[in-house]
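Number of protein chains: 2
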Amino acid sequence: MADVTAILSIGQVAERTGLSVHALRFYEQEGVFVSPVRRGPGGRRVYSQDDVDWLTVCIILRASGMPLPALRRYADLVRDGAGNEGERLALLREHHERVTGQMGRLAQCLDLITFKVGLYEDLLDQDRREAEPDQRRPSGGGDVPASAAGTSARP
Amino acid sequence: MADVTAILSIGQVAERTGLSVHALRFYEQEGVFVSPVRRGPGGRRVYSQDDVDWLTVCIILRASGMPLPALRRYADLVRDGAGNEGERLALLREHHERVTGQMGRLAQCLDLITFKVGLYEDLLDQDRREAEPDQRRPSGGGDVPASAAGTSARP
DNA sequence: GTAGGAGCTAGAGCCGGCTCTAGGTCAACC
DNA sequence: GGTTGACCTAGAGCCGGCTCTAGCTCCTAC
């Protein structure tokens, strides 16, 4: 546990979290921080390592699609301290579901995309092969010019 | 291949794609359709089954995070017909990467979330068990009230 | 013949999540 | 003592992707 009380400026925090200073102020305003951001001389924001740690969690939650209101709610719960762990768990489980759901949907989408990539690869392969003296074969690719579809995609 | 020339109103297409009529007009305006949407008597939009098929693909691409400009570009290529399959393949591959990348990132995020869910489950489990006459054990849960991190937390 | 419902266009509005601007303070350096 | 650079606040702006509104045209049914 080193340097827990490290004191960082907004610029430093921006640098090490990858967030912009704008975003940091915005997050603060949105109530995403667990403890109110302290102020140093001249009213400047002063961040601790804990703040950065919390932000790191926030960034991950955001990256996985947690909306800001949920993030704020989570922060509220943590801020309120012990006693609401059930609620926190519920919130995290909800998000867990959101993420697995999204991953499932993406996997499905990926199937189609992979399939189409395969079609076009085959098609181009074939074209290449036809360029050499060999047999030719009229080829229906992935997305035919639309009016002639019907036989097109779908595995 | 049944009823390829089926003629559908915007309302019907909205109903069977799940898009709103607004979105359909918006997509048209954005050039997402491969063939210009035909018009029936009174200037009303008339859609074919092909249009619906194409929309289904669009919906999947959108759901996997393809931006509208890319979708439009793809439609442009398909509209231009044979000869640009290489470009289409490139576009699809790019999107394929985007999606796998996103899935990877989500999987990472999910790790954290799963971990935290586990922590809170354990914590609550323990609390439950402590309610019965048994041994107690001070536990560092998930997100301590932030300023007191490192040490204290849960009584 | 009039009421209802679906459609049309052009354009405004909204939401989430930042991002940027204007105008100012403050401390440090040359 | 002037410039620079990091920071401050309040509030406007932007982007993507829709969504909604206003005001109109049709068609059908009562």
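Those sequence lines, one after another, are chains C and Z. Residues in the first sequence are numbered consecutively from 1, following the working numbering. Residues in the second sequence are numbered consecutively from 1001, following the working numbering. In this text, a Cβ means the ideal position worked out from N, Cα and C, and glycines have one as well. Keep in mind that this is a model prediction, so the values were computed, not measured.
Exposed is the label assigned to aspartate 1080 of chain Z, since fewer than 16 other Cβ atoms lie within 10 Å of its Cβ. Classified as exposed, serine 1020 of chain Z has fewer than 16 neighbouring CB atoms from the shown chains inside 10 Å of its CB. Around tyrosine 1120 of chain Z, the beta-carbon contacts reaching into chain C at under 7 Å are Glu85, Arg88, Leu89 and Leu92. At a cut-off of 7 Å, the C-beta of alanine 1063 of chain Z has a neighbouring C-beta in chain C.
Ranking Z:Gln1108, Z:Glu1097, Z:Gly1031 and Z:Arg1093 by CA distance to the CA of valine 117 of chain C puts Z:Arg1093 first. Here arginine 1093 of chain Z carries a helix assignment [DSSP, helix/strand/coil]. If you look at proline 1069 of chain Z, you'll find it in the alpha helix (DSSP H) that goes 1068-1080. The segment 1025-1032 of chain Z makes contact with the segment 1066-1086 of chain Z, as at least three CB pairs between them are under 8 Å. The segment 1086-1102 of chain Z makes contact with the segment 103-112 of chain C, as at least three CB pairs between them are under 8 Å. Taking serine 64 of chain C as the centre and dropping the five residues before and after it, the same chain places the C-beta of Val99 closer than 6 Å to its C-beta, in chain order.
Under DSSP, the beta-bridge partners assigned to tyrosine 47 of chain C are C:Leu8. In chain order, Ile10, Val13 and Ala14 place their CB closer than 7 Å to the CB of leucine 24 of chain C, counting only its own chain and leaving out the 5 sequence neighbours on each side. Counting only the Cα atoms, tryptophan 54 of chain C lies some 14 Å from glycine 18 of chain C. According to the DSSP assignment, valine 21 of chain C belongs to the alpha helix (DSSP H) that extends over 21-29.
About 6 Å separates the Cβ atoms of arginine 1016 of chain Z and valine 1052 of chain Z, confirming a contact at the 8 Å cut-off. Between valine 1099 of chain Z and chain C, the shortest Cβ-Cβ separation is below 7 Å. Bridge pairing for arginine 98 of chain C: absent [DSSP]. For the pair threonine 56 of chain C and tyrosine 47 of chain C, the Cα-to-Cα distance works out to about 13 Å. At least one CB atom of chain C sits nearer than 7 Å to the CB of leucine 1110 of chain Z. In terms of Cα proximity to isoleucine 1059 of chain Z, the closest of C:Leu77, C:Ile113 and C:Arg128 is C:Ile113. The beta carbon of aspartate 76 of chain C is closer than 8 Å to those of Gly31 in its chain, skipping five residues each way along the sequence.
Taking arginine 62 of chain C as the centre and dropping the five residues before and after it, the same chain places the C-beta of Leu71 closer than 7 Å to its C-beta, in chain order.
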